[in-house]
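Participant: One structure is given below, represented as structure tokens, and several questions about it will come after.
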Ligand SMILES: Cc1ncc(COP(=O)(O)O)c(C=O)c1O
Ligand SMILES: Cc1ncc(COP(=O)(O)O)c(C=O)c1O
């Protein structure tokens with residue numbers, strides 16, 4: 002064959018890197034060192050003697066920990082190989098993780114934070130030495146306040162679910178401060194709100210009431226009114242819900258809650274579709290949070306650290322976690338939590354590198370840019386929905402014929418009925434094309450669900466590629482279902498057997514447990 | 002199947018990442034932007050008007066360059082995908098690039114240089130503002146002087162071949178300064194010295210005489226003496242040669258050259274095996290160079306920038322390139338090249354980030370560490386040689402039964418005679434196992450050659466893995482030669498047709514040339 | 035977006051594409067997509083935000099300019115600890131967690147995210163070796179959360195409410211833990227003696243309503259608990275769970291709590307390869323024995339080994355996923371979500387680099403420098419150590435005898451570029467040393483405080499002069 | 035290595051492995067491997083090097099401590115150019131070239147190093163678009179080398195010796211090029227007029243012994259050559275090659291030399307996405323038309339497109355490898371070796387990010403700021419521009435009329451944290467502005483120089499006072 006190069010086929014011929022690396026313990030060689038520790042100075046040694054021998058009885062470790070012994074390059078190589086065996090948003094068309102799709106985390110923000118001026122700051126340093134950090138925290142809080150419409154903001158939490166916990170913790174403290182702590186024992190949420198709302202409320206001691214949508218998939222106001230009472234502490238809802246449907250009666254929901262003396266808490270973890278369009282305050286909410294790692298472009302770090310921005314009305318402000326950054330003139334300082342505060346929700350000021358990234362992200366976009374984010378996210382979502390609904394066997398239950406905001410919960414029910422190939426199998430097969438794919442939280446209210454959320458970050462060509470891949474898999478499900486069922490084929494590893502993972506006698510959560518449970522295993 | 006996990010097979014089941022990315026121009030979408038340029042201030046625009054319209058006739062570009070238009074994340078994604086389709090020393094057991102094998106380039110050195118304190122330095126800044134950079138250059142020169150035994154060092158060149166050019170340029174200047182420029186028109190080298198010695202000498206205007214080794218593969222002193230004369234400008238030799246054989250008569254070679262008034266230039270690009278053992282000065286050389294990117298742990302950057310360290314005797318010092326860093330008391334300053342200097346060999350002080358990396362590398366090891374580098378490199382090499390020679394069909398021509406220094410040029414001649422599978426095919430197949438493999442410089446004096454150089458960086462287990470892979474391919478050559486011949490199978494791309502590359506009518510060195518030559522090609 | 039606003043982060047702001055997409059979905063404008071958002075809820079104006087910096091170079095100059103106002107510990111001499119520690123971070127750690135593939139990944143499956151699963155399984159396993167425990171979670175947010183959850187687990191397992199807090203705990207940690215568990219558990223402090231737990235008092239307070247004994251080692255002031263086994267025995271005798279909050283940094287030399295009867299070991303991994311980040315790099319571990327009663331109470335994800343269709347391939351998956359709120363909403367254990375996986379990967383790389391010898395050397399240098407600093411400061415007239423326990427990394431000094439206050443020392447030494455420690459009372463200063471603190475650094479601190487003490491002595495002598503001796507009696 | 039010395043960079047220093055390997059090869063000690071190194075050549079002592087820092091934290095502190103003595107352009111106001119330029123480097127560029135896979139790769143085959151081949155083919159192609167040329171090399175060391183080689187190519191192609199140097203060239207570049215080609219070529223300067231080439235004089239000197247006309251645009255002082263086509267026509271009429279040395283940064287707005295008759299275009303790509311690195315980040319490009327007479331004279335590697343066994347797969351390989359010294363030692367063209375590939379990858383990423391609009395915007399902002407700076411400085415009494423040509427990024431001022439010297443200005447302004455430019459003669463100062471230099475920056479420079487001029491005027495008035503007026507005549 003000679004030039005020119007033939008056209009590429011419609012679908013990318015992907016294969017993920019496969020290094021077949023063993024578990025790191027199998028790479029150990031006695032005596033190798035990965036990094037050396039600074040030596041104890043002779044002067045110190047002379048002064049203190051053998052500190053290990055001098056430890057109180059029983060405190061000196063007898064057998065060294067069985068960590069691997071490896072040269073530095075081998076450790077590096079092992080982890081670089083593993084990294085190639087991982088998709089990040091930077092590598093794939095990462096629209097298949099809705100409700101948690103990753104947008105672009107700009108590289109310039111990585112460069113900005115990579116400086117001792119941030120990484121080598123101790124949180125208890127003289128505030129005079131931390132004016133840059135404090136000012137950025139303060140400014141970011143103020144910008145989040147404007148974006149949410151709320152009065153005060155805390156950036157302390159390290160994830161969306163932690164922020165939801167902070168929401169319910171503040172609500173609990175509020176009712177207690179009002180003497181209604183004992184009385185208000187219920188929290189109302191909806192089945193298409195993120196499960197952490199239900200779970201955090203339960204962890205905070207509340208009984209959880211979960212509402213299902215009306216026939217059209219809209220949150221059911223009448224159902225809400227039926228369950229609200231003087232026992233209600235709060236409603237905790239996501240909007241748009243996981244279906245991508247915006248609750249047009251959200252103001253009425255909030256009013257109804259307020260009507261019984263309950264508070265209204267808004268999980269707007271993912272506010273991509275509504276930035277600059279509508280705000281928590283506009284619907285009357287008392288408290289809300291953003292996932293900074295979803296809405297404000299900080300990277301997701303393989304599952305954290307994230308950052309939650311808790312925004313509250315003035316009435317709730319005294320309950321925010323501490324310490325707080327305060328501005329006096331053009332100086333910034335730190336104030337301990339006040340008497341009503343729920344106290345520390347974590348160490349110090351939250352995930353500071355993320356706060357700086359988020360600050361930079363907002364400052365790269367401004368008001369117009371944020372609005373462009375929202376408009377493009379919904380445009381992308383509705384475009385992708387059109388492409389998906391063209392695939393025979395795919396549907397978008399509820400709110401038929403209506404637009405969605407930033408994501409859609411789809412269903413392969415029809416395809417499943419026709420072929421027996423289900424959504425989870427399709428998801429595994431999608432990895433063969435270099436794509437992530439996620440079904441839904443449990444329970445699967447939408448049958449054979451999948452949830453796509455394009456955000457603003459992916460180009461039309463990429464959305465088309467994603468849709469093409471799903472169309473191809475749907476075709477395979479009809480024509481060559483075995484290919485789907487036995488997937489993956491082009492992946493780092495092959496079909497994995499998960500039956501050991503639920504059996505306490507057989508699971509292996511660490512290498513040492515594995516070696517103990519399977520003494521005859523090779524390498525063990 | 003359930004736990005435990007079965008033993009891994011002897012050979013890693015590798016597959017390189019395959020993203021099937023098009024050429025970047027095919028990813029263009031009109032209107033997308035990758036990065037924005039800072040705007041012209043209104044005040045500037047008011048003052049200067051339309052600068053483009055005001056350009057002299059014909060100077061304003063009429064049609065914009067047909068660069069792709071892409072969002073930032075898509076550019077990033079494209080290049081990250083390409084990066085996964087590349088092996089670096091950090092990823093593979095990179096012992097198959099002898100004579101140019103890559104050792105470990107420590108990550109801490111990347112962290113050290115990644116600071117505006119180095120990256121944002123302009124070379125013409127006030128030397129008072131550049132004391133750190135100047136001191137590191139000065140110290141590195143001094144350390145290289147000690148390591149080579151020579152008197153003065155320049156770190157200006159950006160590669161080993163550039164350093165060889167600097168060597169011959171200095172030699173030429175030296176003879177000219179002595180009035181012998183016209184007379185000395187010949188340079189002598191050996192066939193197992195790096196080809197850049199011959200090529201640079203030719204480029205400098207010399208006739209090149211290339212000597213072959215004696216029957217045992219040792220450099221042939223008698224042959225040298227036969228060609229030396231008053232026309233000889235220099236001998237330019239590598240030692241140990243590409244075969245890994247150290248010339249035991251190297252002192253006699255140098256003396257013989259000196260005997261006819263010629264200079265002796267030592268290509269010790271790769272001094273891995275002899276650091277702290279023996280030095281250029283000890284054998285009487287006038288000039289030598291190190292490849293800092295081979296011997297001193299700087300990364301190879303996909304083919305540069307490297308750094309050459311040219312080290313010379315006092316007699317040659319006046320000919321070193323300029324400018325020079327000089328120390329006065331504890332201050333460092335810059336002195337322009339003197340009258341005998343060959344002048345600038347490149348801009349300013351050379352590849353400064355590499356100089357800092359090399360400084361850090363030496364300072365991490367010290368004299369004992371450098372000696373450990375050498376001893377371990379030769380131990381690794383002789384160990385690997387043992388493993389390779391156990392493979393039926395492999396041999397190490399010359400110096401039979403003797404040890405080698407840091408590398409060996411092997412031969413598959415026997416295997417080739419038995420199977421018809423040659424070294425280049427084996428090299429392609431090696432990539433299926435995640436390994437680089439290099440044959441030899443041309444001409445192939447050793448038939449069906451391959452050259453391995455383990456350096457000090459790879460563990461015994463890794464050397465074993467490399468040997469196991471070659472043994473496996475040798476087995477395949479006998480048992481399933483088609484597998485080798487049609488390789489690669491587990492690679493980013495498949496067997497590639499290189500016939501267009503030598504035909505001016507068909508080659509395509511840029512995308513625009515491709516589109517012009519193949520107007521019907523898709524994407525073109 | 036009234037005006038076309040093409041932004042590098044938002045490819046489909048390119049006008050042609052935008053128009054094409056609108057046409058494809060049959061929408062006249064983006065506004066149609068917001069049909070469900072009532073007019074009354076629309077903001078109806080632009081957000082009031084600062085002017086942005088669209089050009090990367092301008093953005094960088096702005097934010098870096100703000101950060102340039104920070105003066106980090108690399109430019110100060112810092113003895114600050116109390117939750118965040120200045121340890122050496124090997125460059126390889128940063129390299130690995132800076133890889134796009136790890137940094138920007140989220141929640142893929144064990145196929146396309148095999149690397150993440152393996153890296154986190156290895157983190158669990160490496161921590162398991164360090165702690166001598168068979169089960170370690172994918173990290174939760176921080177050591178505060180880990181401790182709150184560990185106690186909540188004990189509460190659920192025992193169905194009891196009382197928790198005996200046997201050690202001195204960081205106030206912020208106590209605040210978080212208390213608020214976290216207060217619906218389910220009551221925390222009762224049992225005042226320590228000479229820095230460590232009062233075993234007798236704890237034993238006395240134990241009863242069949244005690245869910246857990248909570249020990250912190252090192253304690254708030256760095257004291258190492260040396261009677262864990264006795265505490266464990268007492269707790270177990272009462273049917274209570276021994277929860278040990280700890281910093282894993284010392285277990286290259288120290289006996290891990292699991293070998294002295296701990297049931298749940300928890301804490302923070304910031305010391306294992308994470309920079310200080312102004313307190314912004316914490317992650318919590320919870321370790322238990324391989325006992326399903328404990329494991330099934332853990333809310334975090336747990337990655338486990340699995341086989342695949344291909345012999346010898348190492349596969350992974352979620353262990354006992356049904357525990358989680360992902361699977362069962364409020365019926366799961368607490369909740370799970372985005373936590374601190376990247377820091378877990380970092381800690382794993384760090385432990386792999388350190389190896390047994392590195393962790394041993396580190397532990398030893400920490401013990402030695404701590405002891406050295408204790409001696410150096412206690413040698414200053416009027417300054418004494420607050421307890422006689424063995425200490426790791428932190429210890430408290432009482433400066434009352436020198437006529438100084440903790441805040442006074444801090445204020446005075448900050449002027450010299452030294453952060454001498456964290457005040458924990460009028461006269462108590464908690465001083466922290468790590469492997470980054472050299473002998474010279476400690477000597478400098480001691481000299482600076484000695485100078486203060488001398489100055490204060492001189493001053494009080496003066497004061498004595500002027501105050502105690504009436505004018506008429508003076509020479 | 036008399037003592038066991040286990041180093042993290044050298045795994046097989048681990049004593050057990052070392053012993054095992056020695057045993058495997060049947061050697062009693064490492065010394066056996068050096069049998070061929072005569073005793074007389076053995077160093078026989080340890081190298082005399084400074085004490086190393088084996089612990090990474092100590093190494094980092096040491097080297098970073100040295101670097102901390104640098105005061106970079108981010109902390110100064112810099113108008114320095116003359117070969118190295120302060121341009122914005124998008125973070126994505128650094129991310130890509132920082133990837134281990136690219137950073138540590140060397141010379142793999144088009145299979146396992148497919149990514150490198152594609153990235154460099156794309157670099158060639160992107161440069162080709164910018165320059166309107168069909169062939170671009172994998173970068174050589176720097177613009178100096180590229181120019182030397184370009185002229186050498188012209189010499190080989192024409193078999194002639196004379197080269198007319200029609201522009202003002204940086205002295206260091208001239209030094210390198212002259213030494214590089216002097217065996218084969220003689221460089222003859224033809225003095226420019228008002229900043230650009232004297233076309234008439236060049237034409238007059240042309241003859242059938244002229245191998246090449248060498249034009250630099252922008253010139254040493256940033257002047258843009260505006261009669262390239264006339265020079266090309268004249269050169270071609272004489273059978274000579276037109277070699278244009280240039281900085282590609284302006285070709286978003288400027289007509290590329292290839293469209294005005296250039297045969298070989300060459301220069302440096304430091305301006306395309308590389309940091310300044312104290313002058314340590316240069317790479318040279320050589321571009322020609324797709325004419326084998328030219329292509330076959332190029333010494334560098336050239337990557338070309340190729341098909342594979344699989345339709346639609348994009349393959350790569352070396353074009354005309356037989357040209358190279360790798361293939362034919364001294365019979366190849368000059369030589370090839372490790373050059374500057376990584377910087378080429380960087381420049382490719384940079385051009386892809388910039389796109390046509392970015393390069394246009396950049397060119398425009400450079401022209402505008404240059405013009406603004408010219409006006410601002412020329413408006414200062416006694417200061418004038420040295421020529422009337424259009425300038426890109428750099429221009430020279432003559433400060434004689436203000437009674438100042440170039441060095442005097444530099445010394446005075448450095449004290450204020452300003453690097454005002456590079457002296458190029460007693461009274462000539464070459465000033466450089468880029469997109470990193472804001473209007474405010476330029477105004478600050480102008481104000482500072484205005485201040486100097488005023489001071490000097492005042493001083494010379496003073497001097498006039500003190501010198502011209504004899505003591506006895508003064509009031
Ligand atoms: C709507 C919503 N709420 C809450 C969460 C939980 O956030 P996190 O994963 O940060 O805990 C998510 C993301 O998963 C979400 O999409
Ligand atoms: C012995 C020897 N000399 C010279 C060179 C050329 O060095 P470079 O590739 O840096 O030009 C090499 C490496 O290829 C080499 O091994």
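Chains as they are written, first to last, in the working numbering: chain G, 2 to 525; chain W, 2 to 525; chain F, 35 to 509; chain D, 35 to 509.
Backbone N, C-alpha and C fix where the C-beta goes; we use that ideal spot for every residue, glycine too.
#1: Counting only C-beta atoms, is residue 6 of chain W closer than 9 Å to chain G at any point?
#2: Give the residues whose C-beta lies closer than 6 Å to at least one heavy atom of ligand 1, in chain order.
#3: Does DSSP classify residue 261 of chain W as helix, strand or coil?
#4: Does any residue of chain W bring its CB to less than 9 Å from the CB of residue 41 of chain F?
#5: Which of the residues in the region 350 to 381 of chain G, read from start to end, lie with their CB under 9 Å from any CB of chain D?
#6: List in chain order: all unbroken beta strand (DSSP E) runs of 3+ residues lying wholly within the region 271 to 333 of chain W.
#7: Hey, how far is the Cα of residue 315 of chain D from the Cα of residue 336 of chain D?
#8: Determine the direct distance from the alpha carbon of residue 145 of chain D to that of residue 14 of chain W, and round the result to whole angstroms.
#9: Applying the 10 Å Cβ sphere with the 16-neighbour rule, what's the burial state of residue 64 of chain G?
#10: With 9 Å set as the bound, which would you pick, yes or no: does the beta-carbon of residue 512 of chain G sit closer than that to a beta-carbon of chain W?
#11: Is there at least one Cβ from chain W nearer than 9 Å to residue 427 of chain D's Cβ?
#12: Could you check the C-alpha separation between residue 120 of chain G and residue 306 of chain F for me, to the nearest Å?
#13: Indicate whether residue 284 of chain F and residue 387 of chain F have their beta-carbon atoms separated by less than 9 Å.
Facilitator: Concretely, from the data shown:
#1: yes
#2: G/100, G/101, G/160, G/161, G/162, G/195, G/197, G/239, G/268, G/270, G/271, G/292, G/307, F/371 and F/372
#3: coil
#4: yes
#5: none
#6: 288 to 292, 309 to 313 and 325 to 329
#7: 21 Å
#8: 17 Å
#9: exposed
#10: no
#11: no
#12: 15 Å
#13: no
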